[in-house]
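Protein chains in written order, with our numbering: chain A, 247 to 611; chain B, 247 to 611.
Only one structure is covered here, and it is reproduced in the block below.
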């Protein structure tokens, strides 16, 4: 079984150099290797693997992740959940507080047709989800989100987490599904202690914690800090990127997604302009210097972006490229890049396999 | 005449607080004022006004700009040109080098149905456009792009610009349409001198420079450096944003576009999490501190973004918001924000007028 079994590809009859740019390109053999390696590790650790589809935004890849052994899918918003549910994937966790009447109506509709669970970090959010469960006619499982050091969403103490678990348990339309966190890079030991403490406190209060979920690609290969977890959520590992190279989670060889761009101007000897700017590469540096161009140009960096222009520094490049040449760029952060395109090109090395539409494009809500 | 004459709006029957978030909101009265003020100034200066549609990505707004007196429209890529041409707008300048066979085929198709002109800064690019003109059966006007200090695309000297103008003049399928530049903020006097010199050199070589085009919202209200220009391209001025406040081109009162987001978590007294992260606000700081929340929360800043999470600092906010409350954020740079959404909401103050689809969404090429 391989990822190509999940796509209905039409041959493009193109080579890489023929493709219209800018366009994201995904190497299927590296996707295969990344997904299988992580599933094997999850199996070895006895952890349920619940990958986050926010990175690839492709229902086909989500189905492949499940076929390889994932226990379910996680997503970051309802729009992604709806795309995944449309593909008949039935075990979906939305790792974002669902707030507002229109969103709760959509959640109720999803609960009627799929086994959807959600997170909450306050009574207000849990009460709203309970209302959606009552409308749907079925209880929605709620995981209590804990802030174990990332400084984002979540309860600040085990006591507060268990208080919310009790509230959920007593609220019509929802059931207490367990605990979850997104741990900051390097913060998993602390997260583990927080979650274990909350789980034990909940047990003492008579509440069974079915799931203890932890997430994040940065620490995915580390062994420590997994004593309490029953489930792991990783997203970016399907593609990897420069930010995860910097954090030691992968190498360039593991990076799946590259952005193919064309050289459109050579205004000065050491400067080239490519047709990929912030509307293709995003503008976020993530604390990294430049964007690395991996193929064909050694260490050349994209040192600036405007909306449609990328500025490429050729000062350390031996063979200077010509107008029309294509370059493949490894993004700093893959997830917001695939978010910008309505298609991706599947390749195997330099062979073009076909084009895939991105179902979740523009689903900002 | 007002902008609402150009939209076929269906009433939403909603108030601002009912809208599903995140969603961009545009105040039509401020759009009206911004567009009319700039058109009046262009008229007073005797400058052709050629606004760039990349900012709003709405054919209806482009039509309104023309109705107010704009001489034509400029765009940053072929996908935008096609959307504008579909709306029967016939005078379109693409201010980006068109490179590659597939793009040149699209350019030829556009040339058959509209008066399209393009830029070039090399013989290679001009030759490709000439081929498209021959395929289309009509000459395509080429403006020679000059790098007058921005360090992006363009010829580096007046001599080089005139050499390319001569090449264009001698190339089948294209005509020499003039000179253009994007001048860096504060760089217009230098740009003007460059362009005047190139124009005079071209004249000495027997070439008439029909258009001298200059662009950029940052310097749009400055009087100096306009001696040679016949045409001005501004894009962001329709919306304005924090980056243009910082450059002195506008005030908060002129900013049209705000991103409406919901408070989804209050994990700590001084921290709120909103449902607008880098996939809604973009990640680019543009050298500005945070993102300013203009309505309802004084000086509260979005101090960090993940893909779906925005981190709001409430330490200096007197009245602390509750979960479910909406906040309106003025983006640092408006253009990449409207690029992320398939819809915008038109409002007048706090009155919701209707919803508009964004035709150019996902047209990355």
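Beta carbons are placed, not taken as given, at the ideal position from N, Cα and C, and that holds for glycine.
A Cβ of chain B is located within less than 8 Å of the beta carbon of residue 268/A. Close partners of residue 528/A in chain B (Cβ separation under 9 Å): 524, 528, 529, 530, 582. Per the C-alpha coordinates, the member of 553/A, 514/A, 507/A, 576/A positioned closest to residue 269/A is 507/A.
Nearest to residue 323/B by C-alpha distance, out of 446/B, 363/B, 274/B, is 363/B. No Cβ of chain A is located within less than 8 Å of the beta carbon of residue 363/B.
Listed along chain B is no residue with a C-beta nearer than 9 Å to that of residue 478/A; the closest approach is about 18 Å. One Cα belongs to residue 403/B, the other to residue 560/A, and the distance between them is close to 21 Å. Taking 4 residues as the minimum length, the alpha helix (DSSP H) runs contained wholly in the segment 275 to 339 of chain B are 305 to 313, 324 to 332, in order along the chain. Within the model, the alpha-carbon separation for residue 294/A versus residue 586/B is close to 33 Å.
Of the residues assessed, residue 572/B falls on the buried side of the cut-off, its CB having 16 or more other CB atoms within 10 angstroms.
Per DSSP, residue 266/A is not a residue of any beta strand (DSSP E), being assigned neither H nor E. Taking a C-beta distance under 8 Å as the contact criterion, residue 451/B and residue 410/B do not qualify as a contact pair.
Residue 394/A is not a Cβ neighbour of residue 350/A, given a cutoff of 8 Å. Here residue 303/B is buried. Its C-beta has 16 or more other C-beta atoms within 10 Å.
Only buried fits residue 547/A, as 16 or more other CB atoms lie within 10 angstroms of its CB.
DSSP places residue 408/B in no beta strand (DSSP E) but in the uninterrupted alpha helix (DSSP H) bounded by 404 to 416. Put simply, the CB of residue 328/A is far from chain B, with every gap to its CB atoms at 8 Å or more. Pairing residue 337/A with residue 317/A, the inter-Cα distance amounts to about 8 Å. Contact with chain A is found for residue 513/B, since one of that chain's Cβ atoms lies less than 8 Å from the residue's Cβ. DSSP lists 520/A as the bridge partner or partners of residue 509/A. Bounds of any beta strand (DSSP E) do not take in residue 447/B; it lies within the alpha helix (DSSP H) bounded by 434 to 450. With respect to residue 527/A, residue 505/A sits close: the two C-beta atoms are nearer than 8 Å.
The alpha-carbon of residue 329/A is positioned some 52 Å away from that of residue 438/B. Counted as a single uninterrupted DSSP element, the beta strand (DSSP E) harbouring residue 363/B occupies residues 361 to 366. Within 7 Å of the CB of residue 444/A, no CB atom of chain B is found; the nearest one sits about 15 Å away. Bridge pairing for residue 425/B: 390/B, 458/B [DSSP]. In terms of beta-carbon proximity, residue 295/B stays away from the interface with chain A, with every pair separated by 8 Å or more. Boundaries for residue 373/A: no beta strand (DSSP E) harbours it, while the alpha helix (DSSP H) harbouring it runs 369 to 382, taken from the DSSP string.
For residue 273/A, the pairing in a beta bridge is given by DSSP as 593/A. The beta carbon of residue 593/B sits closer than 8 Å to the beta carbons of 262, 271, 272, 273, 274, 599 from its chain, once the five residues preceding and following it are set aside; these are given in chain order.
The beta-carbon separation of residue 321/B and residue 343/B, rounded to 13 Å, does not stay under the 8 Å limit for a contact. Where residue 491/A is concerned, the enclosing alpha helix (DSSP H) starts and stops at 488 to 492.
Near chain A, meaning a CB-to-CB distance below 8 Å, the residues of the segment 395 to 410 of chain B are 397, 398, 399, 400, 401, 402.
Between residue 508/B and chain A, the shortest Cβ-Cβ separation is below 8 Å. About 6 Å separates the beta carbons of residue 299/A and residue 326/A, which is inside the 8 Å limit, making them a contact pair.
No residue range can be given for residue 480/A, since it is assigned to no beta strand (DSSP E) and is classified by DSSP as neither H nor E.
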